[in-house]
Amino acid sequence: MIDYSLLSHCPVFSGIPEHETKQLLAEIHFQIKNYEKDEIVALAGEEVKDLLVVLTGTVRGEMIDYSGKTVKIEDIEAPKPLAAAFLFGKENRFPVTVSANVPAKILAIPVPEFLKILQLNTRVLRNYLNSISSRAQFLSQKLNFLSFKTIREKVAHFLLQRAGDRFHSFELNSTQQQLADLFGVTRPSLARVLGEMQAEGLITIEKKTVTLLDKNALNQLLKNG
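For the sequence shown, position 170 matches number 171 in my numbering, and the numbering has no gaps at all.
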């Protein structure tokens with residue numbers, strides 16, 4: 002059985018009434034797959050043939066580095082989709098190996114059937130396009146930060162970019178952990194750098210408002226990097 006109230010919180014089906022989602026799925030063929038703890042859902046390099054949505058439990062994406070060590074990339078919990086951006090294109094293969102953290106139930110919609118849903122409902126189409134666009138934008142930002150060597154440079158770039166040329170303050174909607182993930186650093190390391198910048202009089206942070214006190218000095222950090 003599918004919990005349609007939960008499925009309505011999935012990015013792909015967001016904003017669609019439960020009865021409408023139920024009706025859409027009644028028009029297509031799909032499967033509900035069950036996985037035990039640590040069972041592999043998909044192997045890195047396998048072709049992505051279905052839109053997979055975690056209905057219960059959580060799964061993890063992992064990669065094997067050059068030393069043979071397994072590195073966890075992220076946890077995906079219900080009701081999020083897996084590898085949604087890899088459904089189409091020439092290299093539509095899983096970028097990581099996906100395994101169940103705990104017993105999990107996953108909705109599998111074959112790509113041809115998902116295409117039918119996209120044709121039947123423009124809201125799902127818009128949700129899907131927004132989802133993969135947001136992911137692409139996040140990865141673009143991530144690549145941007147790889148060009149900066151230190152955490153200070155990454156933070157300075159982010160702050161200047163968010164404030165823009167005209168403003169000195171902006172509302173920070175991300176948590177420190179989300180920023181740390183974006184920068185590819187640990188949260189304590191990020192917190193230390195933010196604390197140092199405040200102590201040096203470069204910025205102030207009050208609740209969610211960040212104020213850039215010395216844009217020239219922040220720009221200089223990037224030039225010296």
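Even glycine gets a Cβ: it sits at the ideal position worked out from N, Cα and C.
Which residue from the options puts its Cα closest to that of residue i?
| i | options | result |
| --- | --- | --- |
| I107 | P113, V99, E114 | V99 |
| C11 | F168, Y129, F171 | Y129 |
| A85 | L53, E114, I17, I29 | L53 |
| T212 | E114, F159, A181, V60 | F159 |
| F149 | N220, I74, E197 | N220 |
| E172 | Q178, A164, Q179 | A164 |
| F95 | L144, I17, R61 | R61 |
| T123 | D76, T22, K91, G90 | T22 |
| P113 | I204, I29, L203 | I29 |
| T59 | F115, E75, I118 | E75 |
| I204 | S170, V186, I33 | S170 |
| G18 | L195, V125, E37 | One point to set straight first is that residue 18 is Pro, not Gly, in the sequence displayed. Closest by alpha carbon: V125. |
| E47 | E197, I3, V97 | V97 |
| Q32 | E207, G196, M2, L191 | M2 |
Which word fits residue i, buried or exposed, when buried means at least 16 other C-beta atoms lie within 10 angstroms of its C-beta?
| i | result |
| --- | --- |
| K155 | buried |
| D51 | buried |
| F168 | exposed |
| R127 | exposed |
| F184 | buried |
| A137 | exposed |
| F14 | buried |
| A27 | exposed |
| R193 | exposed |
| L144 | exposed |
| K89 | The residue asked about is misnamed: residue 89 is Phe in this sequence, not Lys. Label assigned to F89: exposed. |
| I41 | exposed |
| I152 | buried |
| I118 | buried |
At the level of alpha carbons, what is the spacing between residue i and residue j?
| i | j | result |
| --- | --- | --- |
| K81 | V55 | 6 Å |
| S175 | F139 | 13 Å |
| N225 | L180 | 23 Å |
| I133 | L7 | 21 Å |
| S141 | Y5 | 33 Å |
| D166 | N102 | 45 Å |
| V72 | D39 | 15 Å |
| L25 | K209 | 40 Å |
| L121 | N35 | 28 Å |
| L161 | K216 | 7 Å |
| E228 | V49 | Within the shown structure, residues of the chain are numbered from 2 to 226, placing residue 228 beyond reach of any answer. |
| A218 | F115 | 51 Å |
| L83 | I77 | 8 Å |
| N131 | D182 | 21 Å |
| E201 | E207 | 16 Å |
| S135 | F87 | 14 Å |
| L191 | H20 | 44 Å |
Starting from residue i, follow its DSSP beta bridges and name the residues at the other end.
| i | result |
| --- | --- |
| I206 | V211 |
| D76 | R61 |
| R94 | E48 |
| L83 | L53 |
Compute every distance between the C-beta of residue i and the non-hydrogen atoms of the ligand COA, then say whether any falls below 6 Å.
| i | result |
| --- | --- |
| T71 | Absence of the ligand COA from the depicted structure is noted, as is the absence of any ligand whatsoever, leaving it without description. |
Since residue i and residue j should fall inside the 8 Å C-beta cutoff, what is the C-beta to C-beta distance between them, to a whole number of angstroms?
| i | j | result |
| --- | --- | --- |
| A157 | L223 | 6 Å |
| A43 | M64 | Not confirmed; about 13 Å, so no contact. |
| R188 | Q178 | 5 Å |
| R109 | T57 | Position check: residue 109 holds Ala in this sequence, whereas Arg was assumed. Going by Cβ atoms, the distance from A109 to T57 rounds to 14 Å, so no, they are not a contact pair. |
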